[in-house]
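Visitor: Quick one: structure below, then a few questions.
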Amino acid sequence: MRKETPVSTSSAPVVRLVEVDAEHDGQRIDNFLLRLCKGVPKSHIYKAIRGGEVRVNKGRIQADYRVVAGDVVRVPPLRLPAAGEARPVPGSEFPIVFEDDALLVIDKPAGVAVHGGSGVSFGVIEQLRAARPEARFLELVHRLDRETSGLLMVAKKRSALLALHAMLREGKGDKHYLALVEGDWVNDRQHIRLALTKWTTQSGERRVRPDPDGQSAHTIVTLRQRFGRYSLVDAELRSGRTHQIRVHLAASGFPIIGDEKYGVDETRAQFARQGFNRMFLHAHQLTLPHPLTGEILRLTAELPPACRKLLQQLENQ
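The working numbering puts the first residue of the sequence shown at 877, with every later residue one more than the last.
Structure, rendered in structure tokens:
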């Protein structure tokens, strides 16, 4: 347990001295404070760090400082929810695919961000923390785009988080997505190797494009089923770049149905008129060793009802 010592005994917000325990060893100070000060906006946390109000072992630190077990963190008075006040983040659980004392894997719905930021006040991780106030540690292992549904890993122990991050860096495990694309996919199996780079539009929107000087990226695409002018494909990630599957498929001439960034506007509008109002990209299968036991986990999240319904409509046309 973290040891907390208030500097004042008044009823007003007070400075707290918090000793870091072994469970949080190696965590960034900003994430440590966000977890400790539930409900406090990120902007307040970063302002307190920049202003020197947050100190570690009496010294100033930067937002990327990683705490060490035994560190004493000075937590300044921050705007915390009052006792009995409704949580600013609504607690929510999500369909659980796998859970033990180290790892939680959920089936994330489309349209829900994995975390707050970029105009979103909260996401999956904040809602899980609000729903599980007794949980001492909950951290995202990886990300899914807001409009992508399917398997999302959340670590319940720092040791599990570090082990999973190492696995992902080393390319261990298999991650498969299902995507409905525009066009008649030709090859049964195809490797797409296009380096990618991030850029920002004039409006400030984040995008990704193929770039020979960018980061290497590798996707293996396997045909699942043809529907005339559309194809259902399996996309296996062999690297984990931002928007990788979306950009690789679009650059190959097969944009994902419903993709607002890289898809075809007319096609998206056509499917929206039929009642399909999302991107057809779903994290379907995940196979990897358990981060602590080494046991092989084979996890599956079936296609959501809206996606299954659309495929049935295409079959009947």
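Don't be surprised by glycine CBs; every beta carbon is placed ideally from N, CA and C.
Only a predicted model underlies this, so the values are computations on that prediction, with no experimental measurement involved.
Indicate whether residue 1132 and residue 1157 have their beta-carbon atoms separated by less than 7 Å.
Guide: Position 256 of the sequence shown, counted from the first residue, corresponds to residue 1132. Position 281 of the sequence shown, counted from the first residue, corresponds to residue 1157. Yes, Cβ-Cβ distance for residue 1132 and residue 1157 is below 7 Å.
Visitor: Helix or strand or just coil, what does DSSP make of residue 1165?
Guide: Here residue 1165 corresponds to residue number 289 of the sequence shown, with the count starting at 1. If DSSP states are grouped into helix, strand and coil, residue 1165 belongs with the strands.
Visitor: Would you report the Cα separation of residue 909 and residue 1077, rounded to the nearest angstrom?
Guide: As a first step, residue 909 must be located in the sequence shown, where it is residue number 33. As a first step, residue 1077 must be located in the sequence shown, where it is residue number 201. Here the alpha carbons of residue 1077 and residue 909 stand approximately 32 Å from one another.
Visitor: Any chance the segment 1042-1059 sits against the segment 1144-1164, with 3 or more Cβ pairs inside 8 Å?
Guide: yes
Visitor: What did DSSP end up calling residue 973 once you bin it into helix, strand or coil?
Guide: Mapped onto the sequence shown, residue 973 falls at position 97. Strand at residue 973.
Visitor: Distance, Cα to Cα, residue 965 vs residue 915?
Guide: Indexing the sequence shown from 1 puts residue 965 at position 89. Indexing the sequence shown from 1 puts residue 915 at position 39. For residue 965 and residue 915, the distance between alpha carbons rounds to 7 Å.
Visitor: What three-state label does DSSP hand residue 1177 in the structure shown?
Guide: As a working note, residue 1177 is residue 301 in the sequence shown. Coil, per DSSP.
Visitor: Hey, would you say residue 1168 sits closer than 7 Å to residue 978, going by beta carbons?
Guide: As a position in the sequence shown, residue 1168 is number 292, starting the count at 1. As a position in the sequence shown, residue 978 is number 102, starting the count at 1. The answer is yes: Cβ separation under 7 Å.
Visitor: Using the Cα positions of residue 1124 and residue 976, report the straight-line distance between them to the nearest angstrom.
Guide: Indexing the sequence shown from 1 puts residue 1124 at position 248. Indexing the sequence shown from 1 puts residue 976 at position 100. When rounded, the distance between both Cα atoms is 35 Å.
Visitor: Name the residue from 945, 930 and 944 whose alpha carbon lies nearest to the alpha carbon of residue 938.
Guide: If you number the sequence shown from 1, residue 938 lands on position 62. The shortest Cα separation from residue 938 among 945, 930 and 944 belongs to 930.
Visitor: May I ask you to list the residues that DSSP assigns as paired with residue 1029?
Guide: Against the sequence shown, residue 1029 aligns to sequence position 153. Answer is 981, bridged to residue 1029.
Visitor: Can you say whether residue 1095 is buried or exposed, counting buried as having 16 or more other CB atoms within 10 angstroms of its CB?
Guide: One-based indexing of the sequence shown puts residue 1095 at position 219. The residue is buried, with at least 16 neighbouring Cβ atoms inside 10 Å.
Visitor: Flag this pair as yes or no: are the beta carbons of residue 1072 and residue 1047 separated by less than 7 Å?
Guide: By 1-based counting over the sequence shown, the position of residue 1072 is 196. By 1-based counting over the sequence shown, the position of residue 1047 is 171. Not a contact, by the Cβ cut-off of 7 Å.
Visitor: With the cut-off set at 7 Å, would you say residue 1080 and residue 1130 are in Cβ contact?
Guide: Counting from 1 along the sequence shown, the entry for residue 1080 is found at position 204. Counting from 1 along the sequence shown, the entry for residue 1130 is found at position 254. No. Outside cutoff.
Visitor: Can you list, in chain order, the residues of its chain with a C-beta nearer than 8 Å to that of residue 1191? Leave out the 5 residues immediately preceding and following it.
Guide: Taking the first residue of the sequence shown as 1, we reach residue 1191 at position 315. Correct list, in chain order: 1103.
Visitor: Measuring alpha carbon to alpha carbon, tell me which of 967, 1093, 904 and 1097 ends up nearest residue 1115.
Guide: Stepping through the sequence shown from its first residue, residue 1115 is reached at position 239. Among 967, 1093, 904 and 1097, the Cα nearest to that of residue 1115 is on 1093.
Visitor: Between residue 1088 and chain C, is there a C-beta pair that is closer than 7 Å?
Guide: No chain C appears in the structure shown, which is made up of a single protein chain.
Visitor: When you compare only the Cα positions, how much space is there between residue 1183 and residue 953?
Guide: Start at 1 with the first residue of the sequence shown, and residue 1183 comes out as number 307. Start at 1 with the first residue of the sequence shown, and residue 953 comes out as number 77. Approximately 48 Å, taken between the alpha carbons.
Visitor: For residue 1022 versus residue 1014, is the C-beta spacing smaller than 7 Å?
Guide: Indexing the sequence shown from 1 puts residue 1022 at position 146. Indexing the sequence shown from 1 puts residue 1014 at position 138. Cβ atoms of residue 1022 and residue 1014: not closer than 7 Å.
Visitor: Thinking C-alpha only, which one of 1127, 1039 and 1107 is nearest residue 1170?
Guide: The residue given as residue 1170 occupies position 294 in the sequence shown. Measuring from the Cα of residue 1170, the nearest candidate turns out to be 1039.
Visitor: Taking the alpha-carbon of residue 1067 as reference, which of 1045, 947, 1109 and 1026 has the nearest alpha-carbon?
Guide: Here residue 1067 refers to the residue found at position 191 when the sequence shown is read from its first residue. For the residues 1045, 947, 1109 and 1026, the minimum Cα distance to residue 1067 belongs to 1109.
Visitor: Could you tell me the boundaries of the beta strand (DSSP E) in which residue 868 lies?
Guide: Examination of residue 868 is not possible in this model, given that the chain is present from 877 through 1193 alone.
Visitor: Can you look up residue 1093 in the DSSP assignment and give me helix, strand or coil?
Guide: Here residue 1093 refers to the residue found at position 217 of the sequence shown. Residue state, collapsed to three classes: coil.
Visitor: Let me know if residue 986 comes out buried or exposed under the rule of 16 or more other beta-carbons within 10 Å of its beta-carbon.
Guide: As a first step, residue 986 must be located in the sequence shown, where it is residue number 110. Result: buried.
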